[in-house]
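To start, the structure under review is shown below, and the notes come after it.
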Amino acid sequence: DAEITQSPRHKITETGRQVTLACHQTWNHNNMFWYRQDLGHGLRLIHYSYGVHDTNKGEVSDGYSVSRSNTEDLPLTLESAASSQTSVYFCASSATGDGYTFGSGTRLTVV
Amino acid sequence: GEDVEQSLFLSVREGDSSVINCTYTDSSSTYLYWYKQEPGAGLQLLTYIFSNMDMKQDQRLTVLLNKKDKHLSLRIADTQTGDSAIYFCAETTAGTGGFKTIFGAGTRLFVKA
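Protein chains in written order, with this note's numbering: chain L, -18 to 92; chain Z, 3 to 115.
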C-alpha cells in the first residue's frame, strides 16, 4: 500500500545544531508540504514543493530549508535549531487539487 | 487575506449529533475539506465537498455548504466516544501560483459517555 512516512518520530536536539527531518511518500504525488503544529496556531505552512527541483516558502519559512531531488522525498532542514522551533512537524502530499495525505508527525524538542 | 475560522471546542453527549462549523473568506474556493486528527497522529481526510455542491452525505457524516454565507458545517450523527478528536476545516483555491490550501485552527470535539 502507498504511504507517507516521517522519521524520526521524536527528536531532541540542542540549540544551534542542524537538524534534518525526513519525509518519504510512495503515492507518486507531485505536491509535498511541511507544516508545524503548535497549540493556539493550528497548522502553519513552512515550505512546499510542486515537483522535482521546485521549492517554495510558506508563511513561517525563516530558519528552515527544503530540497526536492526526487518525487518521493522532501527533507526539512533546520539550519541552526532554536527553542522557538520546538513543535510537532507534519509532512503531507497530494495530487493536484486533491485532499492531503499526512504523515504521523515528528515531535521535535530543542533544548 | 484568506482565512478559515472555527470554534475551538465542542462538547456533546454520546449518541447525540455533533455540528462543527467553519467560515471562510475566499469565495473562489474549489474544494472544501474536513480532516480528523486523533491524539499523536497526523490529520486524516474525512470528507470533502466541491464548491458547486450544497450537501454531501457519507454514512454518519453530513457536510453542508452555504456559499452565500461562506459557511461550511460537518454534522456527525450518533456521535461516539471514538469520534473525540480535533476536526480541521480546510479550503483549496486555485490561483496563478497553483492550488493553495488553508487550514482552520481546528475544533476539539469532546464526547461524554
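We treat Cβ as the ideally placed atom computed from N, Cα and C, and that holds for glycine.
All figures in this text were calculated on a predicted structure; none of them were measured in a lab.
Distance cutoff 8 Å, beta carbons only. Does Phe11/Z sit that close to anything in chain L? no
Cβ of Ser20/Z within 8 Å of Cβ of Asp85/Z? yes
Quick one: which chain L residues come within Cβ less than 7 Å of Phe101/Z? Thr77 and Gly78
So, with DSSP's three-state summary, where would you put Asp(-18)/L? coil
List the DSSP bridge partners of Glu7/Z. In the DSSP secondary-structure assignment, Glu7/Z is bridged to Thr25/Z.
Mapping the DSSP letters down to three states, classify Ser20/Z as helix, strand or coil. Assigned with DSSP and collapsed to three states, Ser20/Z falls in strand.
Check whether the Cβ atoms of Leu111/Z and Ala87/Z lie closer than 8 Å to each other. yes
Taking 8 Å as the threshold, find out whether the stretch 3 to 15 of chain L comes into contact with the stretch 62 to 75 of chain L through three or more Cβ pairs. Segment contact: the stretch 3 to 15 of chain L against the stretch 62 to 75 of chain L, three or more CB-CB distances shorter than 8 Å; contact assigned.
Please name the residue in Asn23/Z, Ala107/Z and Ala92/Z whose C-alpha comes closest to that of Tyr81/L. Ala92/Z
How big is the Cα-Cα spacing for Thr94/Z and Phe52/Z? Near 10 Å, if we compare the C-alpha coordinates of Phe52/Z and Thr94/Z.
Residues of its chain near Arg49/L, where Cβ-Cβ distance is below 8 Å and the 5 sequence neighbours each way are ignored: Met13, Ser30, Gly32, Val33, His34, Asp35, Thr36 and Leu55
Relative to the C-alpha of Asp5/Z, which candidate in Thr109/Z, Thr103/Z, Val113/Z and Lys114/Z has its C-alpha closest? Thr103/Z
Among Glu(-5)/L, Ser85/L, Trp8/L and Pro(-11)/L, which has the Cα closest to the Cα of Val91/L? Glu(-5)/L
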